[in-house]
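Novice: The number in the numbering used here is simply the position in the sequence shown, starting from 1, with 218 added.
Even for Gly, the Cβ is constructed at its ideal location relative to N, Cα and C.
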Amino acid sequence: MVLAIGAVVGIAATTGTGLLVRTAADETAARIAATEELTASVDLAADQLDAHGLMLTARAARDAEITLDGAAETIAAARGKSDAAELEASVAALRVFQLLAPERIFELVDIADAQAATVRAEVAEFDRIAAEKAAAEKAAAERAAAERAEAERAAAAQDEPSSPDQSSAGPGSSPAPPANPSEAQAIARDLMAAQYGWGPAQFGCLVALWNYESGWNVYASNPSGAYGIPQALPGSKMASAGADWATSARTQIIWGLGYIAGRYSTPCGAWAHVEANGWY
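What follows is the structure, given as structure tokens:
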């Protein structure tokens with residue numbers, strides 16, 4: 219009786235589920251075919267596929283970590299300069315990469331890298347514009363300072379047209395050279411004679427000129443930025459004569475004589491300009 223019932227059930231199963239059996243067999247055959255195709259495509263044996271999967275996962279994890287580190291730096295640099303909201307969203311999605319398939323990790327890495335490149339470009343443009351603006355503002359401030367200094371000199375010339383040390387000299391006269399020149403004045407006397415052929419008369423004008431400008435003080439400074447014995451504006455111009463321009467009387471004198479020769483031809487020409495205008 220039991221055998222008969224089993225036979226009936228077996229016949230019924232064979233008859234009623236034939237389609238299901240064929241479908242399962244087809245799916246198994248398809249998986250086998252896919253496995254063989256994957257094995258051939260990566261040139262790996264079937265028993266190596268698990269190792270290949272592990273390597274793919276490890277590579278995806280490494281790429282994710284590199285992208286997350288770079289994106290964090292980019293987001294920090296973008297504060298106040300670029301909208302990094304999209305990049306932050308991609309980072310949030312990628313931060314749980316341990317839960318994602320390698321294919322999804324690679325997709326998120328590509329998206330985040332592209333967004334980071336865009337943000338970095340926007341930050342660089344922001345910095346470029348800011349640098350140009352700062353340079354323009356600095357140049358404008360320097361021009362304004364120079365104009366103020368010139369105006370101050372002109373105003374001072376109206377109140378005190380000549381140096382107190384030269385008050386006895388008549389208009390247009392050439393001051394006499396000092397009987398006992400200072401060390402700096404002696405350096406200037408020797409240099410101007412050797413380099414320009416200027417004699418005592420020009421030396422007298424030079425002494426009067428730099429008495430008026432700085433009192434022959436190497437460290438003389440002006441709020442306008444003028445500095446040193448010749449009152450170069452700015453003082454750093456004298457670096458063309460030597461790196462020690464801020465402390466060396468000789469270097470300052472070399473630069474000052476060159477300036478006078480190029481602009482006024484002689485010290486007396488420069489002194490005449492000071493007498494007329496209060497500055498040179």
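For T285, count neighbouring Cβ atoms within 10 angstroms of its own Cβ and tell me buried if that reaches 16, exposed if not.
Specialist: buried
Novice: Taking 8 Å as the CB-CB cut-off, is A394 touching chain C?
Specialist: No chain C appears in this structure, which consists of one protein chain only.
Novice: Would you decide whether A296 is buried or exposed? Buried here means 16 or more other CB atoms lie within 10 Å of its CB.
Specialist: buried
Novice: Which residue or residues does DSSP assign as beta-bridge partners of Y445?
Specialist: Y445 pairs with S439, A450.
Novice: To the nearest angstrom, how far is the alpha carbon of L312 from that of D331?
Specialist: Note on geometry: alpha-carbon atoms of L312 and D331 lie some 11 Å from one another.
Novice: Please work out which residues of its chain come closer than 7 Å, Cβ to Cβ, to W434, disregarding the five sequence neighbours upstream and downstream, and give them in chain order.
Specialist: S400, A402, Q403, W428, I447
Novice: How about I323 and D281: are their beta carbons less than 8 Å apart?
Specialist: yes
Novice: If distances are taken between C-alpha atoms only, which option among T336, P485, P320, E343 comes closest to A289?
Specialist: T336
Novice: Taking the continuous alpha helix (DSSP H) assigned at A311, which residues delimit it?
Specialist: 303-312
Novice: Assuming T174 contacts L274 under a Cβ cut-off of 8 Å, what Cβ separation, rounded to an integer in Å, is found between them?
Specialist: Residue coverage of the chain in this structure runs from 219 to 498, which leaves residue 174 outside it and unanswerable.
Novice: Suppose contacts are defined by Cβ-Cβ distances below 8 Å. Is I471 in contact with I405 by that definition?
Specialist: yes
Novice: Hey, how far is the Cα of A359 from the Cα of V436?
Specialist: Going by the C-alpha atoms only, they are around 26 Å apart.
Novice: Figure out for me which residue from D462, W463, F421 has the closest Cα to the Cα of T484.
Specialist: Measuring from the Cα of T484, the nearest candidate turns out to be F421.
Novice: Using three-state DSSP, classify Y498 as helix, strand or coil.
Specialist: Coil.
Novice: So what does DSSP say about S386, is it helix, strand or coil?
Specialist: Caution applies to S386, whose pLDDT of 35 falls short of 50 and renders its modelled position unreliable; the value that the coordinates give is listed next. Correct three-state label for S386: coil.
Novice: Taking Y414 and L475 to be in contact with their CB atoms under 8 Å, please state how far apart those CB atoms are, rounded to whole angstroms.
Specialist: 7 Å
Novice: Between the Cα of S308 and the Cα atoms of A278, P320, A352, V327, which residue gives the shortest distance?
Specialist: Of the listed residues, the one whose Cα sits closest to S308 is V327.
Novice: Straight-line CA distance for I347 to R338?
Specialist: Roughly 14 Å between the two C-alpha positions.
Novice: Restricting to Cα atoms, I'd like to know which of E325, A369, F315 is closest to Y555.
Specialist: The structure shown does not extend to residue 555, since the chain is modelled only from 219 to 498, so the question has no answer here.
Novice: What's the C-alpha gap between P396 and C423?
Specialist: 10 Å
Novice: Measure how close the beta-carbons of P393 and A426 come, nearest whole angstrom, since I'm counting them as under 8 Å.
Specialist: 4 Å
Novice: Could you check what DSSP says for N398 in three-state terms: helix, strand or coil?
Specialist: Here N398 sits in coil by DSSP.
Novice: Going by DSSP in three states, W416 sits in which element: helix, strand or coil?
Specialist: coil
Novice: Mind checking S300: buried by the 16 CB within 10 Å criterion, or exposed?
Specialist: buried
Novice: Out of curiosity, what's the CA-to-CA distance linking Q465 and A294?
Specialist: Position check: residue 465 holds Thr in this sequence, whereas Gln was assumed. Roughly 45 Å between the two C-alpha positions.
Novice: Terminal residues of the continuous alpha helix (DSSP H) containing T469?
Specialist: 467-482
Novice: Beta carbon of C486, beta carbon of A411: below 8 Å?
Specialist: Contact flag unset, no.
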